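Structure first, commentary second.
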Amino acid sequence: MILKLRDVAKHFKGLVAVDGVTLDVAPGELVGIIGRNGAGKTTLFNLIAGRLQPSGGRIEFAGADVTTLRAYQRARRGIARTFQVPEPLGRLNVLDNVKAGAFATTASAREAASIAEEVIELCNLRHKKNAEAAELTLADMKRLEVARALATRPKLLLLDEVMAGLRPTEVSAAMELCRAIRASGVTLLVIEHVMFAVMNMCERVVVIEQGGVLAEGTPGEILSNQQVVDVYLGRPKHV
Amino acid sequence: MLTDPAYLTEILINGLLAGGVYALIAVTMTVVFGVLKLFNFAHGAFVTVGLYCAVLATSLGYDPYLAIVPAALVMSAMLWLLYVLLIDRIISRPTLTQVIFTIGLLTAADALIEMIWRTDPRVAPSITSGALFIGDILVSKPRLVAFLAAALIGFGFWAFLKWSWWGLAIRAVAQHGQAAQLIAIPRRATLALAFVLSGVATIVAGILMAPAITVTPSASYVYLGIAFGAVVIGTKGNVLGAMLGGIIVGLTEALTIALVGDEWKDAFVFALVLVFLLVRPEGLFGRPANV
Amino acid sequence: MYSASDVSAASVAPPAPRRRALLVIGLVAFVAGAVVAPQLLDRHGVAILVSIFFWASFSSSWNIIGGYAGQFSLGHAAFFAVGAYASAWTYRYLGLSPLVGLALGVLVAGLAAAALGAIVFRYKLLGTYFAIGTLAFSEILRVTLGNVSWFGGSGGIPIPLAPEAPWTLLQFQPVGYYYLFLALTLAYMLLCWWIGRSRFGFQLAVVRDNEDVAETLGVRPESLKLRAFVLSAMTAAPVGTIYAQYVMFVEPQTFLSFSMVIQVVIPAVIGGLGTVFGPVLGAALLTLVIELTSELAVRPGFSLFAYGCALMVFPLLVPSGIWPLIRDFVARRGR
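Chains as they are written, first to last, in the working numbering: chain A, 68 to 306; chain B, 4 to 294; chain C, 31 to 365.
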C-alpha cells in the first residue's frame, strides 16, 4: 500500500469537513474520488498533501507515518498535487513553471531544464513552451498544473478536478494523459465530476459523502449502488 | 521611587495625555489604511506640517491654537487637490509604488519645511503654556488641552464614521469599493473625503501638540513610527483599536522614561510592537488569520 | 513590479545571443570607464562617484531580500551598522585592522539576520508586518547602540586618523574608497546575476509569487527567505565597514537613522527590483538628481525637495524601474 488513511478527520470549529476516512491505495492504482460538492473531497486532498493538518487519524505514505509532516516535507517524499483552480506562476513561462517543479529533485539548472523538457513532451505542451503562463487557455493551464506537479517526480499524484471546464475532446486527451502517467509508474488519485472519464479510466472509485466514505468499488459496482445513485449519480442516462 | 503612588500616577497621567494625541494620529492613519488601502509614509509629515503651522502662527504674533481653523480650511483645499491630482492615481498602483511615492511626499514636505524654517528647534508658546497642579500631580497644560481636544476630535471621527451617511459610505468603500459603487456610493468622492478628513485631523493634532514640545523637522519620523506602532497594536483599520493603541504607546513611553530613561523610549515602544507582531499580529481587535 | 525581475524577464523574453554580446561589451566598457573616471574628475566629482557606488552596493545588498526574495525589509540599516561598528570598535579598542573587523562584521550580521529571520519568518510575518518588524529591530538597535557606553554611546566611535598607514588599515584618499565601493558593487552585481540563474533564485521567485504552490514543490518558504535574509545582511556589513572608514566615525544617529533605513530601498525600487543593474542605475540617477539640484541651491533643503518630488513622479511614470524599461525597449526593438 502506498497510501494508508486511518480514520482521518478534520474539524473546523464545529464544522466536520472530513469524518473518519479510512482508505488504502495500492501503488500504481488509478483511483477516482467522486461525490457532491462540499462533501469534503478537496479537504481530503489537502489533508493527504499536507496543506491541512488532520484533527484526528493517521496518514501513512510509502510505509512512513506522515501525519504531522508539512506540505513541503510530503512533497519531498513524493506526494504531488494540482489545485482545483489552477495556480500557475503567472509571470514565468511554461518551461520555467515546470522547471520550478523539477528543482524539487535536483539542484542543477541544467538537469531541471531537461526534466522539464521531458515532462512538457509527455504533457503535450511543447508548442506552448515559451508562452507566459498567465496567457494560457484553461485546458493548457490545467495541463501545466499537471506538468509542474509531475516534474517533482512524485510517487503519488493528486489531481483535483483536472477536467472541469474542458470540452469532450480535451477530456479524452486528459484521460490519455492520466493513463500515460499511470503507465510511467505514478499512483493517481483523481477527484472528478466528469463521470465519463471516471468510469472509463479508473479501476477503483471511492464515493465521498458528508466527509466520509459512502461506497468503494469498481466503476460497475458504484454505478449499481443504490445509495450512490440516490445521493449523487441520479438515474444514469448514458455512460 | 515607583512605589510612590503620586509619582506613578503622574507618570501614567502624562503618558495618557501624550497617548491621547498619539491616538488621534493613529486613528487617522488607520482610516487611510483601511479605506484607501494606502500605506502612507507621509503621515508623520502631516503632523509636522501642523507643528509648523503653529510655529508660523507664533512668528506672526498669534496664539498657535488660532491657527487651527485657518489651517484646517487651507489644508482641506490643498489635501483635496493632492488627492485629485496624485493620490487617486496612486491607490490603484501596487504597494511598492505607493511606498516610494509616499516616501517622496514625506521627503519633499520635510525639505520644504526645512527650506523655510531650517532645522533649528522652534517653540510655539501659547496662553496655555505652563503647568498646573491637579491634586498632587504636576500636569503640563498644553498637553492637557491637546489631550482633550484630540479626544474630542477622535470620538467625533468615530461617531461620524458610525452614524453619518458619509461615514457609512466611507466604511462601505473600505469593505468593498466596487460593491459600494453598485449601491450608488460615489467611490472617489468618498475616498477623497476620507483622505482629506484624516489629513486635516492629523495636521490639527500637530497644531495641538506644538505648544507642548520643541519642534524640529525630524518630528515626521518620530510620529510615523508611533503611528505605525499604534495601528499595528490596535489592528489595521480599526478606529477604536487605533485609539487604544495610541494610549498604550503613550503609557509605554512614559513608563520607559520614568523607569529606564528618556533615551530608551523608542526602543521599548518598538520592542512592544515587535512582540505584538510576533504574538498577535492581527492586533488587539483582529481575528487571527488561522487555518 | 516583481514581474520585472530578472528571473521573470528571462522567462518571457530570453536574450538573443547578439543582444547578450552587446550586453557584455557594454559591461566591459562600463567597468573600464568606471576605473578610469576618477582620474578625469576633481575632488567634488570623486565624492559624487563615491556616493553613487556607496548607494549602489548598499542597495544591491538590499535587493537580495527586497527584490529577489520579495520581502520588503526596513531593517537593512541595522546590518550596515553592525558592519560599521564591528570594524570601528575592533580598530579603536583592540587595534585590529578593519579588514578583521570587516570579516567580524559579516559574521555578526549573518548571525543577527539568522536569529531575527528565524523568528519573523517562522511567525509568518508578511508584507507590511515584516516591514514594520524589521524596522522595529533597526530602531531598537539604534537606541541600544546609542545608550550603551561600551559601544561609544550616542557619540559613537571616532576612527582615529593614521597617516602613513599601511593599506590594511583601510584609510585612503577618497579615491581609494571609490574603488572599494566600485569593487563591492561589481561583486554584488555578480552575486545577483548568479542568484537569478540558480535554483536558489528560481525557488525564491516561486516563494515570492505563491507560497502555497512553493510548498507543493518541496520548498520550505521560511528556510529560503531566511537564506536570502542572511545573505543580504552579510553583504550589507562590508558596506558599513568601508563607509565608516570613509567618514572616519560611526554613530547611531547617522548610520541607523530612519532616513538611512528608507533611502537604501529606493535605488533598487527605482532602478528595478530583482535585477542586476537596477540598484546601480537607481543610485546613479538619484545622485545625479541631488547633484544637479544642489547646483541650483536656492536654500538648504532644496535638493532634498527635488529628490522627494523625483520620488513622487518616478513610480508613476516608470513603475517597474529603469532597467526593465531599458530592457523591454531593447527587446521590442530587436523584434
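From the three backbone atoms N, C-alpha and C, an ideal C-beta is built for every residue, glycine too.
No experiment lies behind these values; they were computed from the predicted model shown.
Assuming residue i and residue j form a contact by the criterion Cβ under 8 angstroms, report the distance between their Cβ atoms to the nearest whole angstrom.
i	j	result
T284/C	M290/C	7 angstroms
K239/B	F36/B	6 angstroms
A84/A	G278/A	6 angstroms
L316/C	P297/C	6 angstroms
V58/B	R125/B	5 angstroms
A29/B	G253/B	With a Cβ gap of about 10 angstroms, A29/B and G253/B do not count as contacting.
F167/C	G105/C	5 angstroms
A192/B	G47/B	About 27 angstroms; that fails the 8 angstroms criterion.
Between the Cα of residue i and the Cα atoms of the options, which residue gives the shortest distance?
i	options	result
N197/A	A241/A, G157/A and A216/A	G157/A
F198/B	K165/B, L254/B and F160/B	F160/B
T323/C	G23/B, Y86/B and A114/B	A114/B
A214/A	A183/A, D297/A, F112/A and K80/A	A183/A
F128/A	R118/A, I69/A, E185/A and L159/A	I69/A
P128/C	G105/C, A46/C, S91/C and A192/C	A192/C
F104/B	F44/B, G138/B, G18/B and F273/B	F44/B
F42/B	V24/B, R96/B and L84/B	R96/B
T122/B	A70/B, P189/B, S223/B and P284/B	S223/B
L311/C	Y276/C, I352/C and A274/C	I352/C
L111/A	S181/A, L256/A, G168/A and E199/A	L256/A
Q233/C	E185/A, E259/A, K209/A and A167/A	A167/A
G140/C	L146/C, V260/C and V61/C	V260/C
N93/C	F211/C, R362/C, V306/C and R227/C	V306/C
M1/B	I236/B, V52/B and L171/B	The structure shown does not extend to residue 1/B, since chain B is modelled only from 4 to 294, so the question has no answer here.
Apart from the five residues just before and just after residue i, which ones in its own chain have a Cβ nearer than 7 angstroms to its Cβ?
i	result
S297/B	The shown model of chain B, from 4 to 294, leaves out residue 297/B, and the question about it has no answer.
A75/B	V203 and V207
I14/B	A257, L258 and A261
I90/B	F198
L205/A	G232
K71/A	D91 and E127
E96/A	T254, E270 and R271
M264/C	V136, A139 and G140
E259/A	G99, I101, E228, M230 and V265
Any idea what DSSP makes of residue i, helix, strand or coil?
i	result
A131/A	strand
N293/B	In this prediction, N293/B scores a pLDDT of 45, lower than 50, which makes its location untrustworthy; the coordinate-derived value is nonetheless stated afterwards. Correct three-state label for N293/B: coil.
F112/A	helix
F79/A	strand
V348/C	coil
E241/C	helix
P369/C	Only positions 31 to 365 of chain C appear in this structure, which leaves residue 369/C out of reach.
D227/A	strand
S127/C	coil
D358/C	helix
V452/C	Residue 452/C cannot be examined here, being either before or after the span of chain C that is shown, 31 to 365.
E96/A	coil
G18/B	helix
R220/A	coil
F102/C	coil
K40/B	coil
V126/B	coil
V252/B	helix
D91/A	strand
S143/B	strand
I28/B	helix
Closer than 8 angstroms by C-beta to residue i: which residues in its own chain qualify, once you throw out the five before and the five after it? Chain order, please.
i	result
I187/C	Y115, A118, W119, R122, F181, F279, V280 and E281
Q294/A	L281 and A282
A195/C	Q201
L203/A	P155, V161, K195 and L211
So, at 6 angstroms on beta carbons, what are the nonlocal neighbours of residue i in its own chain, with the 5 sequence-adjacent residues on each side left out?
i	result
L132/C	S117, P268 and T271
I320/C	S333 and Y337
M78/B	V203 and I206
A264/A	M230, V238 and M242
Please list the partners that residue i has in chain E, where partner means a Cβ-to-Cβ separation under 9 angstroms.
i	result
R118/A	No chain E appears in the structure shown, which is made up of the protein chains A, B and C.
- request: Would you mind listing the beta strand (DSSP E) stretches within the region 142-194 of chain A that are 3+ residues and don't spill past its ends, in chain order?
  value: 146-148
message: What ranges does the alpha helix (DSSP H) occupy inside the region 246-305 of chain A, keeping only unbroken runs of at least 4 residues that lie completely in it?
response: DSSP runs (the alpha helix (DSSP H)) wholly in the region 246-305 of chain A: 262-268 and 286-290.
message: Just to confirm the assignment: which complete alpha helix (DSSP H) runs, minimum length 4, are found wholly within the region 252-322 of chain C?
response: 282-285, 288-293 and 295-301
query: What residue ranges within the region 58-105 of chain B form continuous alpha helix (DSSP H) runs of no fewer than 4 residues, ordered along the chain?
result: As summarised for the region 58-105 of chain B, the continuous alpha helix (DSSP H) elements at least 4 residues long and confined to that stretch are 71-85, given in chain order.
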